[in-house]
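Following: one structure in structure tokens, then a few remarks.
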Amino acid sequence: MSSFSNPHYMYLFDLKNGKKKLAYGQSPEDALDILGLRLTDEEMGEIVKDKFIKISQRHLQEYVHLLG
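Residue numbers for the sequence shown follow the numbering used here, so the first one is 204 and each next one is one higher.
Pasting the structure below:
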């Protein structure tokens, strides 16, 4: 099956330190699962899992200064 039939989105999750973490997936839950593959448990614990915004790649530059 083509990945084009399953759209993916960018999500910015709030971090406890006030910054944001960029994630990519079909849904917020999928994006968190993908982050979990590359982050430590401690790093995942810093993510506020229910506070996020969905953004398009076109608007990513507007949020770069918030990434942590």
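The beta-carbon is built from N, C-alpha and C at its ideal position, and this holds for glycine as well.
Item                                                                                                          : Value
Own chain residues within Cβ distance below 8 Å of Thr243, not counting five before or after                  : none
According to DSSP, residues forming a beta bridge with Gly228                                                 : Tyr212
C-alpha gap between Val251 and Lys224, whole angstroms                                                        : 10 Å
Same chain only: Cβ atoms within 8 Å of Tyr214, ignoring 5 sequence neighbours per side                       : Leu225, Ala226, Tyr227, Gly228, Pro231, Ala234, Phe255, Ile256, Lys257 and Ile258
Of the residues Gln260, His268, Leu270 and Tyr266, the one placed nearest Pro210, counting alpha carbons only : Gln260
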